[in-house]
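Shown next, in structure tokens, is the structure this report addresses.
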Ligand SMILES: Nc1ncnc2c1ncn2[C@@H]1O[C@H](COP(=O)(O)OP(=O)(O)O)[C@@H](O)[C@H]1O
Ligand SMILES: [Mg+2]
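In this note's numbering, the protein residues as written are 375 to 631.
See the structure below:
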């Protein structure tokens with residue numbers, strides 16, 4: 375039997391007095407694209423920070439059947455759990471292709487990664503594939519300062535895909551993209567999932583999330599208030615209330631974004 379790409383159980387995160395995530399359990403099964411939605415401050419990013427090991431948390435995390443609960447972030451990444459960030463940090467003196475080459479190269483004791491990519495090699499096939507996967511081939515030679523916010527996000531997605539991860543957590547990858555660009559990104563993400571990379575997708579754009587996810591988990595105040603198929607979630611009274619305010623006559627949750 376194939377192991378589950380991601381099993382997170384009983385995840386809780388506290389920041390001082392703020393209980394940002396409360397006992398959240400979530401799975402991403404093989405071949406699944408799971409959406410994680412919820413109002414601002416619901417705890418979506420904190421949940422991803424917790425499972426990827428960037429903030430202290432309670433609970434248990436398994437990647438592909440391996441318990442990584444006490445592992446550092448880079449070890450979790452080695453086991454196949456990668457992520458993007460809401461704001462994308464790139465090496466400003468390296469082009470897009472060079473930034474991706476850094477992500478796609480194993481560290482070495484004798485040379486720094488940045489020397490390695492600077493010393494005049496052609497773009498590695500792995501980097502070309504990453505750029506094609508996300509649709510950013512035309513940006514290969516651009517420097518980060520020339521990129522829009524949306525384009526930086528796409529480079530962040532390509533970087534998270536380096537090394538063929540088991541499951542990728544995408545934190546608002548479509549923020550800064552127009553409708554046409556996010557539709558294209560959706561098609562590409564779906565294709566990658568069909569090819570075997572499981573994904574957890576956070577986004578504010580409900581059309582984007584509902585259009586491509588197989589399963590959706592809804593957080594509010596750090597708690598899961600609903601989960602199910604997009605069709606289930608659209609009709610869930612608790613979700614409609616969380617998004618629109620109780621008593622609203624508008625029952626389309628897309629209407630809010
Ligand atoms: N580093 C932090 N220190 C203190 N509080 C934080 C920190 N990060 C997030 N929070 C708080 O945790 C809650 C959840 O935030 P976050 O996970 O960013 O929500 P979301 O991504 O759903 O918008 C919010 O109340 C936020 O203010
Ligand atoms: Mg967030």
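Where is the CB? At the ideal position from N, CA and C, for every residue including glycine.
Cβ distance (whole Å) where residue i is taken to contact residue j below 8 Å
| i | j | result |
| --- | --- | --- |
| residue 513 | residue 525 | 6 Å |
| residue 507 | residue 471 | Wrong, their Cβ atoms sit about 14 Å apart, outside the cutoff. |
| residue 549 | residue 589 | Their Cβ separation, rounded to whole angstroms, is 22 Å, which puts residue 549 and residue 589 out of contact at 8 Å. |
| residue 460 | residue 545 | 5 Å |
| residue 416 | residue 387 | No, residue 416 and residue 387 are not in contact; Cβ-Cβ is about 12 Å, not under 8 Å. |
| residue 541 | residue 379 | 4 Å |
| residue 557 | residue 535 | Going by Cβ atoms, the distance from residue 557 to residue 535 rounds to 19 Å, so no, they are not a contact pair. |
| residue 436 | residue 381 | 4 Å |
| residue 410 | residue 591 | 5 Å |
Residue i, buried or exposed, once every other Cβ within 10 Å from all chains shown has been counted against 16
| i | result |
| --- | --- |
| residue 485 | At residue 485 the pLDDT is 48, less than 50, meaning the model places this residue with poor confidence; the figure from the coordinates comes in the next sentence. Classification for residue 485: exposed. |
| residue 466 | exposed |
| residue 431 | buried |
| residue 473 | buried |
| residue 600 | buried |
| residue 419 | buried |
| residue 449 | exposed |
| residue 523 | exposed |
| residue 392 | exposed |
| residue 446 | exposed |
| residue 561 | exposed |
| residue 584 | buried |
| residue 457 | buried |
| residue 533 | buried |
| residue 519 | exposed |
| residue 469 | buried |
| residue 463 | exposed |
| residue 438 | buried |
| residue 453 | buried |
Limits of the beta strand (DSSP E) - the one that residue i falls within
| i | result |
| --- | --- |
| residue 407 | 407-411 |
| residue 457 | 455-457 |
| residue 505 | Not the beta strand (DSSP E): residue 505 falls in the alpha helix (DSSP H), residues 499-508. |
| residue 516 | Element bounds for residue 516: n/a, residue is neither H nor E. |
| residue 382 | 380-389 |
| residue 394 | 392-402 |
| residue 545 | 541-545 |
| residue 474 | First-last for residue 474: 470-478, but that is the alpha helix (DSSP H), not the beta strand (DSSP E). |
| residue 597 | 597-602 |
| residue 536 | Taken as a continuous stretch (DSSP letters only), residue 536 belongs to no beta strand (DSSP E), as it is neither H nor E. |
| residue 572 | 572-576 |
Where residue i falls: helix, strand or coil (DSSP)
| i | result |
| --- | --- |
| residue 484 | The predicted position of residue 484 is uncertain, since its pLDDT is 47 and thus under 50; no value can be drawn from it. |
| residue 450 | helix |
| residue 460 | coil |
| residue 523 | helix |
| residue 416 | coil |
| residue 429 | coil |
| residue 548 | coil |
| residue 620 | In this prediction, residue 620 has a pLDDT of 47, which is less than 50 and means its spatial position is unreliable; what the coordinates show is noted afterwards. If DSSP states are grouped into helix, strand and coil, residue 620 belongs with coil. |
| residue 529 | helix |
| residue 423 | helix |
| residue 438 | coil |
| residue 377 | coil |
Terminal residues of the alpha helix (DSSP H) in which residue i lies
| i | result |
| --- | --- |
| residue 583 | 580-586 |
| residue 610 | Residue 610 -> no alpha helix (DSSP H), and no H or E assigned at all. |
| residue 592 | Element bounds for residue 592: not the alpha helix (DSSP H) but the beta strand (DSSP E), 589-594. |
| residue 560 | 553-568 |
Near ligand 3: residue i beta-carbon under 7 Å from a heavy atom
| i | result |
| --- | --- |
| residue 518 | No copy of ligand 3 appears in this structure; the ligands present are ligand 1 and ligand 2. |
Pick out every residue whose C-beta is nearer than 7 Å to a heavy atom of ligand 2: which are they, in chain order? 418, 419, 460, 545, 546, 576
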